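Chains as they are written, first to last, in the numbering used here: chain A, 17 to 160; chain B, 17 to 160; chain C, 17 to 160; chain D, 17 to 160.
See below:
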């Protein structure tokens, strides 16, 4: 993450979301807490899934689990500054896909997050990503 | 709270704030968690204080503690629906003031909150509310 | 709450629970955050319900909603000090009951909380508290 | 993490901590939320730092920032089951060190976390880890 300069520019993300920070996101160090940063990434992920289902009725209601998450903390985040979140699908495997996210405040990249989303089957821990879902996800690549 | 019908109408609050709900605000019952509702009221209170200080440089940087908080839960709150928060100053005493807040979703009152804010002195637990601060607070009464 | 001296003595509560505080419970003021205090009261309430059901199989799995909550903040709470929580049933009505809770650290009362728990019916917003549940709750009065 | 079998055995961690889960740690899926798992790892990290300073007065009060965090989610965590956390220092660099943590419930490994802790200088973003601190950290290796 940290070493890919494209990731530090909000313009390279296929989808963005504005999330107001909350007082609760601060810790005694008076900056955005590390775990609160994860909360902002979680919100981005969940809202993306809602959006995807709403705009692609053909994909149904797929169920995902987070299998892995990695975060690089690049700068101190602050409250009450708005957080602008970037979201891009980095790669799509057989039954999982990798998401790249960025948290930006006042144009500055505060943190980067990579998440591996595992597609769950109805009765199996994992299930192949169906073509319609794959196609929907492919519309959100990282640019640059 | 519950018995004052004015409190259930967003139009009666002197100041309003939109706060997007977050996935984290839900609990296993799939509605807005009771304590998460308190978080939304906290955010409203903190943002009001920022706004007041920004628009009234003469009040300086007063420090308050929450001495008491009461919440009536009137309906189930939901995610990802936007929360619109109402804020009004109900009464002002010698060294504390009482705030009335409401949480609304889609025009419906989900919860009401009353908070007693205690004005702290620099070296004393409480301190009289100075005239400039009193005057600033008086501009935000409950209507109706 | 604040005016009932019995409430400030842990020994007067019928049931107690130790809850370690967490770093996340602190806010930028470096004490236990007001809403985090509500989290500790929530944990106490939920654990009491688990305990009650486990020790009284005859009450089944009753479902409650919080209808009202009030908190008096009496002192600054601190991390990483252990929180000892007191729980007592203050009164039992037709379809709701009132709970009194206290948060203590190093023997000092940090906050008091009263909660009105509404007994939900399977198809109705409220339902009468059955005799077995009433009898189970009556075993946890406030002492003193 | 996931591929190092030593990491999945609590006995291989140099330091352990019991953290009771909380109702707030669950999300609408009724298991421990992914970000709540990060909260448990945060608590482990903070408590370790308190413990280290208490047992090694010679290291003073070093200040660290989290530069990177990675989590592998291996199984669903549950409430109200106790979480037992494992902590080990994986490696120590010039001005940062790598921590390996594990979250266990009923003997089962629920999640693994690696964190890069950056040692901050008083006036510089990073500062060399002094010998006394290095020596204190070396006492907590991963076993096996």
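Backbone N, C-alpha and C fix where the C-beta goes; we use that ideal spot for every residue, glycine too. Here the structure is a predicted model, which is why all the values come from computation and not from measurement.
Nearest candidate by alpha-carbon position, reference residue i, set the options
{"i": "residue 94 of chain C", "options": "C:44, C:150, C:58, C:136", "result": "C:44"}
{"i": "residue 115 of chain B", "options": "B:81, B:49, B:89, B:70", "result": "B:81"}
{"i": "residue 107 of chain B", "options": "B:38, B:154, B:37", "result": "B:154"}
{"i": "residue 97 of chain D", "options": "D:119, D:78, D:88, D:79", "result": "D:119"}
{"i": "residue 62 of chain D", "options": "D:139, D:20, D:117", "result": "D:117"}
{"i": "residue 152 of chain C", "options": "C:72, C:140, C:121, C:130", "result": "C:72"}
{"i": "residue 156 of chain C", "options": "C:68, C:123, C:20", "result": "C:68"}
{"i": "residue 146 of chain B", "options": "B:77, B:70, B:122, B:121", "result": "B:77"}
{"i": "residue 20 of chain B", "options": "B:138, B:130, B:139", "result": "B:130"}
C-beta contact flag for residue i and residue j at 8 Å
{"i": "residue 144 of chain C", "j": "residue 100 of chain C", "result": "no"}
{"i": "residue 52 of chain B", "j": "residue 89 of chain B", "result": "no"}
{"i": "residue 49 of chain C", "j": "residue 42 of chain C", "result": "yes"}
{"i": "residue 58 of chain C", "j": "residue 40 of chain D", "result": "yes"}
{"i": "residue 136 of chain A", "j": "residue 79 of chain A", "result": "yes"}
{"i": "residue 86 of chain C", "j": "residue 86 of chain B", "result": "yes"}
{"i": "residue 134 of chain C", "j": "residue 140 of chain C", "result": "no"}
Beta-carbon contacts of residue i that lie in its chain and below 6 Å, excluding the five residues immediately before and after
{"i": "residue 92 of chain C", "result": "47"}
{"i": "residue 148 of chain C", "result": "74, 75"}
{"i": "residue 24 of chain D", "result": "125"}
{"i": "residue 166 of chain C", "result": "The first residue shown for chain C is 17 and the last is 160, placing residue 166 of chain C beyond what the model contains."}
{"i": "residue 60 of chain D", "result": "33, 101, 103, 117"}
Collapsed DSSP secondary structure at residue i in the structure displayed
{"i": "residue 114 of chain A", "result": "strand"}
{"i": "residue 42 of chain A", "result": "strand"}
{"i": "residue 54 of chain A", "result": "helix"}
{"i": "residue 94 of chain C", "result": "coil"}
{"i": "residue 63 of chain A", "result": "helix"}
{"i": "residue 143 of chain D", "result": "coil"}
{"i": "residue 18 of chain D", "result": "coil"}
{"i": "residue 68 of chain A", "result": "helix"}
Alpha helix (DSSP H) segment containing residue i, residue limits
{"i": "residue 152 of chain B", "result": "147-154"}
{"i": "residue 24 of chain A", "result": "That residue, residue 24 of chain A, is in no alpha helix (DSSP H); it is neither H nor E in DSSP."}
Residues near residue i by beta carbon distance below 8 Å, same chain, minus five either side
{"i": "residue 28 of chain B", "result": "22, 102, 104, 158, 159, 160"}
{"i": "residue 18 of chain D", "result": "88, 90, 128"}
{"i": "residue 26 of chain A", "result": "32, 100, 102, 118, 120, 123, 125"}
{"i": "residue 66 of chain D", "result": "none"}
{"i": "residue 54 of chain D", "result": "85, 87, 129"}
Other residues of its chain near residue i: CB distance less than 7 Å, five sequence neighbours each side excluded
{"i": "residue 64 of chain C", "result": "31, 103"}
{"i": "residue 36 of chain B", "result": "98"}
{"i": "residue 56 of chain A", "result": "35, 99, 101, 119"}
Terminal residues of the beta strand (DSSP E) in which residue i lies
{"i": "residue 84 of chain D", "result": "79-89"}
{"i": "residue 36 of chain C", "result": "31-36"}
{"i": "residue 135 of chain D", "result": "124-136"}
Residue i Cβ short of 7 Å to the ligand ATP heavy atom set
{"i": "residue 27 of chain C", "result": "With respect to the ligand ATP, the structure offers nothing, as it holds no ligand at all."}
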